[in-house]
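Novice:
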């Protein structure tokens, strides 16, 4: 598809994109921003569109992914601010004066514990840790949502067992 045809298709689908964006945002200004971001990304990645595929579906996918990524960024930012406000000053001082060598060993232990996980447990656990919802992981891995929940639960249990030396009851005893 040449640039003129591509731009024509964009303009033909703009109204549909605006309605679709409003369903996500429930706010006209946010919906307009989402449409703008979607159109910019569509133009930037126009080479990735394949002739013969559903153009509107491709645009909807870009919009959905843009909205999800924006939402995740917002949640992470809000949770960071909320968490930061809840940390007592004494605890901040303790974490700031921690030994970097200890942190390195702890990180190595975490990596080693994760290496011990079987791939069917590791993959959904990593996806969940990255911020994906159970249903999204289910769709990505083509397994039932119950299986995803079970595998994440099992991964947590295995990691807890392999990292038990870092629990509070052991930390106080010099382990």
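Numbering (my numbering), first residue to last: 422 to 596.
Even glycine gets a Cβ: it sits at the ideal position worked out from N, Cα and C.
1) Could you give the distance in angstroms between the alpha-carbon of residue 541 and the alpha-carbon of residue 572?
2) Compare the Cα-Cα distances from residue 597 to each of 554, 580 and 487 and report the closest residue.
3) Could you give the DSSP three-state label for residue 456: helix, strand or coil?
4) I want to know whether the segment 440-459 touches the segment 481-493 - three or more CB-CB distances under 8 angstroms.
5) Please go through the same chain and pick out, in chain order, the residues whose beta-carbon is closer than 8 angstroms to the beta-carbon of residue 443, but skip the five residues on each side of it.
6) Could you tell me whether the Cβ atoms of residue 562 and residue 545 are closer together than 8 angstroms?
7) Please report the distance separating the alpha-carbon of residue 539 from that of residue 576.
8) For residue 438, count neighbouring Cβ atoms within 10 angstroms of its own Cβ and tell me buried if that reaches 16, exposed if not.
Specialist: On the basis of the coordinates in this document:
1) 7 angstroms
2) Any answer about residue 597 is impossible in this case: the structure gives the chain only from 422 up to 596.
3) helix
4) Yes, the segment 440-459 touches the segment 481-493.
5) 449 and 452
6) yes
7) 9 angstroms
8) buried
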